[in-house]
Ligand SMILES: Cc1ncc(C[n+]2csc(CCOP(=O)(O)OP(=O)(O)O)c2C)c(N)n1
Ligand SMILES: Cc1ncc(C[n+]2csc(CCOP(=O)(O)OP(=O)(O)O)c2C)c(N)n1
Ligand SMILES: [Mg+2]
Ligand SMILES: [Mg+2]
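Residue numbers (the UniProt record's numbering), protein chains in the order written: chain A, 1 to 324; chain B, 1 to 324; chain C, 1 to 337; chain D, 1 to 337.
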């Protein structure tokens with residue numbers, strides 16, 4: 001498959017996953033929404049609309065490259081080829097989950113593909129610097145990519161980690177996905193400047209802002225930053241404008257949005273836009289698209305079915321895995 | 001007294017204080033240096049050489065303006081008119097100390113002149129933002145000034161506080177004193193860029209670097225930043241190049257310095273340089289200088305005598321003041 | 001005289017207390033993440049933004065060190081900030097400002113600086129929010145001197161303790177349990193939704209509440225374990241076991257006398273806690289008994305708490321770690337044998 | 001066979017253990033503030049920079065969250081970092097990385113991620129460094145699951161426990177007490193400077209050391225209080241009181257059996273600790289006794305610890321807060337009455 005089509009397919013897979021996860025999460029939660037009910041309890045932060053960020057960047061990564069992700073992790077995990085079945089089983093809290101049910105949606109770990117995430121805002125930055133140090137120490141040209149929301153760019157760890165990576169010339173790419181909001185707080189009421197990428201200047205590293213939620217533009221900027229890191233030239237900072245199609249978490253009434261704000265975002269859905277451009281460039285046919293939609297739907301249903309069939313863990317298993 | 005002469009006098013007072021404190025601290029600590037021995041135990045971070053930073057900035061402040069200072073606090077405290085006797089008694093750990101001996105050298109609190117400090121690197125930033133918020137809330141045009149070393153500019157609190165102050169347009173001036181080292185670690189091995197003032201760009205606020213440890217240049221830049229803050233135009237960041245005449249703390253062998261490095265600094269002592277320029281401009285006569293030296297020496301001796309005469313606290317007083 | 005019952009959820013009781021104190025004192029401000037239009041993720045600040053405006057109810061960036069530290073400088077200059085740390089689990093990004101400064105400045109200043117700050121935060125699990133969003137952790141803050149520690153178990157106490165907290169001249173950490181708030185979208189214990197008078201009132205710190213007298217055994221507990229213990233008490237009454245339930249309400253100050261007295265009365269003590277078992281609240285209470293009520297104990301002290309594992313995500317795993325009414329009842333029965 | 005005594009200070013014992021493990025395993029790296037040319041403010045990394053160079057012994061910026069968090073990513077990718085937090089008192093700027101990630105990732109990953117990290121840090125007071133530089137605080141870290149907690153009392157243990165820590169596949173927090181290091185410029189207890197074999201050796205975690213047998217009363221303690229308890233033991237022997245001293249050595253894992261056994265043997269227990277008294281180590285040990293040795297106790301358990309105040313600066317104030325040999329001895333005598 002051509003690279004653009006491969007990226008398109010991955011975006012479709014993520015979208016399908018998030019849409020289905022929204023449905024699965026809703027099971028057992030009506031008529032009254034209850035966070036603790038249904039087959040998938042707990043918080044659920046979905047990334048539909050934000051696919052280009054994950055796909056545009058991670059497309060350039062190897063299995064050995066590290067990705068650290070935030071509380072909204074599915075798109076990053078899927079793009080990094082985290083085992084979809086085991087990831088889904090984890091979100092269902094089942095024994096075949098990546099962590100046998102101990103982690104859940106915000107705590108997906110797949111060391112096989114060097115993926116991890118965290119529920120703490122800003123926590124994805126420091127470990128990426130450390131992984132990069134390990135690569136450099138061994139003379140490997142792997143890189144680490146830390147993803148976080150625009151809200152996370154106001155955390156102390158952002159500053160400390162960028163400075164540390166820049167000082168150490170560590171092969172890290174810091175990627176901020178700007179979906180305009182941190183829960184209910186708009187970027188312009190929490191961030192003193194318009195573009196976090198301008199903060200790169202505080203560390204003497206390149207900073208690029210990518211508008212338009214456009215996977216090819218993202219891919220281009222990411223490719224450059226990753227090549228730079230692999231070549232030993234140190235870290236970069238990217239900020240990528242994107243849009244959040246669901247609420248902050250499922251169940252969010254989004255009363256803080258301006259009227260019509262969501263519609264504007266949905267109208268700019270990156271997936272149909274990308275598909276149309278692939279059609280126009282004759283990189284994709286309608287038949288191929290149908291095949292892709294079918295394939296990703298099957299993958300997602302397979303993963304969900306796998307998760308549903310996986311047994312619940314035994315209660316006393318809670319006591320294991322505190323120490324290695 | 002003219003403003004420059006007043007500044008000169010204040011620098012001399014600080015220098016005299018720090019030089020005498022070095023001697024007092026050494027009492028009981030020879031032949032073998034022991035941090036716990038003598039009338040003044042514990043750590044001792046002296047600021048001789050760094051007088052221009054404190055004096056150039058604080059000269060423009062009112063009693064109601066807030067100063068938050070770091071672990072190396074004497075020059076800031078003296079410039080802010082903290083009660084010299086009670087401050088000294090505190091450093092001696094005596095009952096007449098500002099905190100009756102509970103705080104010590106790194107924990108000087110004088111609410112009368114709105115001065116405080118902390119032994120934790122980077123901790124001076126957040127409280128200054130809060131004080132500024134209180135002023136703004138009451139419609140007062142007071143300001144808060146947070147001082148810290150160049151090492152502190154790599155702490156998360158630096159970033160968070162500058163962003164918060166800029167977002168809130170709070171009347172805060174952040175002042176970094178760059179004495180080239182954080183204990184043994186040189187600025188260029190810990191900080192990704194040469195001038196922390198360039199980090200102002202990350203918050204959309206003015207950033208000024210002031211070279212040469214020159215009190216008048218500092219005063220000018222500070223005056224502008226403070227006026228800006230009083231006028232409701234928000235925070236500024238200053239970085240001031242300066243030099244540390246003593247070790248990081250007393251007892252520091254300074255093995256990490258390059259040969260001759262200290263001599264270069266001492267040769268650029270800001271006090272004789274400033275005195276000579278005052279002489280040249282006929283703002284100060286040799287007689288006046290003698291009088292100033294005598295006056296500040298008396299003030300310092302008076303404070304030290306006061307401290308020595310003040311009684312030790314009663315051991316069980318340790319149990320009071322946990323709660324108001 | 002007519003007595004009307006005015007049942008309020010704990011979330012409403014908290015926001016009502018804050019609103020009344022804000023109306024009373026213009027120096028009371030609220031800030032934190034999503035405390036404005038959103039009304040606080042757990043509703044503790046609902047309606048305040050609409051009533052008092054954005055100058056007094058302020059949404060902050062995700063910068064806990066800066067905005068909690070700001071409360072130090074603001075309170076030293078005369079404000080009385082109420083700051084929300086969204087989940088207690090996030091304390092680690094701001095702990096230095098909390099315990100090295102907010103908690104210690106009064107002492108380090110020899111009493112000359114006072115910092116009237118309420119730091120309120122959500123605690124507790126039970127809804128599969130996993131290891132970074134389900135803890136209670138109050139023992140950590142009770143361990144370091146300088147912070148008052150408040151953990152209400154019901155709406156009445158929540159309002160009175162919040163009012164006391166706001167009027168207190170010390171830093172107070174106020175922990176509300178998500179499973180008591182009455183949020184609708186979160187399982188909540190009905191027991192916590194009780195009559196709450198409209199007018200402002202205070203409840204003194206350091207006074208445990210005797211939730212139900214008993215003669216055979218005492219359960220000493222706090223927060224969300226109080227309703228559970230009370231239910232066990234009802235249940236065991238039918239089995240002929242008379243259980244006394246003590247709600248500590250505040251950990252600092254701690255009502256040592258009440259702990260000792262209940263032990264002297266019933267001679268058997270079970271401590272129930274939703275914090276980690278070791279080096280925490282349950283240990284401290286047991287230690288007080290070993291020091292001051294040893295000769296009155298007829299059987300070993302027992303503790304039920306989170307068994308020193310991070311809180312797991314999966315429902316059966318999580319439920320296993322949190323003391324349940326079944327396990328509490330079984331433990332009481334075993335202790336009566 | 002000749003036995004030569006090779007006395008080493010604790011600082012040298014620690015740096016020797018690190019050097020030996022660095023020589024053994026190229027994945028062992030050291031980083032932190034002033035660990036390079038300076039050799040660590042307390043000498044724990046002395047000589048390492050000269051021996052292993054700046055690629056393996058790395059001075060960091062003052063960015064504890066970033067460089068402690070970096071150990072998480074680095075260890076997940078195969079390094080075995082030893083990271084120094086200069087004073088434990090600074091933990092609050094980096095606690096989220098320590099306890100929400102370093103401590104929990106193994107559990108949250110269902111065991112698939114291992115993080116072999118040693119986080120070493122200086123503890124303790126006694127030299128007027130005041131409230132932000134004199135604490136021990138190990139109880140906080142023992143309270144949250146996922147961290148092994150090591151507190152050596154002498155140079156021999158310090159080396160063996162450090163070697164074990166480096167070879168352990170879990171995050172280990174290693175607390176060295178400034179007053180045991182033998183630094184010259186800092187008052188140090190001679191007791192800690194003992195024979196240390198040159199070759200590498202390990203000491204298992206979770207095994208308390210019986211420092212001196214006794215029959216009348218047990219002192220259970222750790223760290224810098226061990227030498228003090230030992231001196232009291234010698235002193236009281238002359239008064240006819242036979243004191244047993246138990247050095248816990250690690251708090252996680254905790255040698256519960258040793259605690260219970262000594263109580264069963266002597267029937268009297270005094271716990272001595274340099275951490276804050278409430279909600280900490282002394283409470284946990286007392287709780288274990290109340291649970292598992294109640295019937296063997298002939299008198300109430302007693303605790304000596306920092307009396308829940310921040311550590312004051314002034315010498316007489318500070319000395320009042322730290323358990324002294326005099327106060328330990330007096331308490332033992334009172335317990336024997
Ligand atoms: C340290 C910390 N503070 C607060 C939170 C609560 N929280 C979870 S997600 C979130 C908003 C994050 O916004 P952003 O970084 O923009 O990511 P987005 O949700 O928009 O993807 C907040 C405040 C947290 N998890 N961790
Ligand atoms: C959070 C924290 N980390 C480390 C330290 C130890 N420490 C005290 S002063 C210092 C160096 C500070 O350097 P700088 O900010 O440049 O101030 P200077 O000492 O040069 O005045 C360090 C690392 C501390 N007190 N707090
Ligand atoms: Mg966002
Ligand atoms: Mg410096």
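All C-beta atoms in this analysis are idealised placements derived from N, C-alpha and C, irrespective of residue type, glycine included.
This structure is a prediction, so every number in the text was calculated from the model and none was measured.
Measuring straight from C-alpha to C-alpha, what distance separates residue i and residue j?
| i | j | result |
| --- | --- | --- |
| residue 39 of chain D | residue 47 of chain D | 6 Å |
| residue 22 of chain A | residue 31 of chain A | 16 Å |
| residue 151 of chain B | residue 110 of chain C | 29 Å |
| residue 323 of chain C | residue 303 of chain C | 10 Å |
| residue 321 of chain A | residue 106 of chain D | 7 Å |
| residue 270 of chain D | residue 180 of chain D | 22 Å |
| residue 116 of chain C | residue 164 of chain C | 11 Å |
| residue 192 of chain C | residue 183 of chain A | 28 Å |
| residue 199 of chain D | residue 21 of chain D | 11 Å |
| residue 96 of chain C | residue 27 of chain A | 42 Å |
Under the rule that 16 or more other beta-carbon atoms within 10 Å means buried, what is residue i, buried or exposed?
| i | result |
| --- | --- |
| residue 54 of chain B | buried |
| residue 2 of chain B | exposed |
| residue 336 of chain B | It is not possible to answer for residue 336 of chain B, since the shown part of chain B is limited to 1 through 324. |
| residue 272 of chain A | exposed |
| residue 171 of chain C | buried |
| residue 105 of chain A | buried |
| residue 211 of chain D | buried |
| residue 51 of chain D | exposed |
| residue 308 of chain D | buried |
| residue 100 of chain A | buried |
| residue 102 of chain A | buried |
If you follow the alpha helix (DSSP H) that residue i is part of, which residue opens it and which one closes it?
| i | result |
| --- | --- |
| residue 69 of chain D | 64-76 |
Could you tell me whether any Cβ in chain C is nearer than 9 Å to the Cβ of residue i?
| i | result |
| --- | --- |
| residue 98 of chain D | yes |
| residue 98 of chain B | yes |
| residue 28 of chain B | no |
| residue 310 of chain D | yes |
| residue 280 of chain D | yes |
To the nearest whole angstrom, what separates the beta carbons of residue i and residue j, a pair I think is in contact under 8 Å?
| i | j | result |
| --- | --- | --- |
| residue 207 of chain A | residue 237 of chain A | 4 Å |
Could you give the residue range of the beta strand (DSSP E) that holds residue i?
| i | result |
| --- | --- |
| residue 270 of chain D | 269-276 |
| residue 173 of chain C | 172-177 |
| residue 250 of chain D | 250-252 |
Using a Cβ-Cβ distance under 9 Å, would residue i count as near chain B?
| i | result |
| --- | --- |
| residue 228 of chain A | no |
| residue 138 of chain D | no |
Examine chain A for any beta-carbon lying closer than 9 Å to the beta-carbon of residue i, and answer yes or no.
| i | result |
| --- | --- |
| residue 67 of chain D | yes |
| residue 319 of chain C | yes |
Cβ of residue i less than 9 Å from any chain D Cβ?
| i | result |
| --- | --- |
| residue 125 of chain A | yes |
| residue 304 of chain B | no |
| residue 32 of chain B | yes |
| residue 209 of chain A | no |
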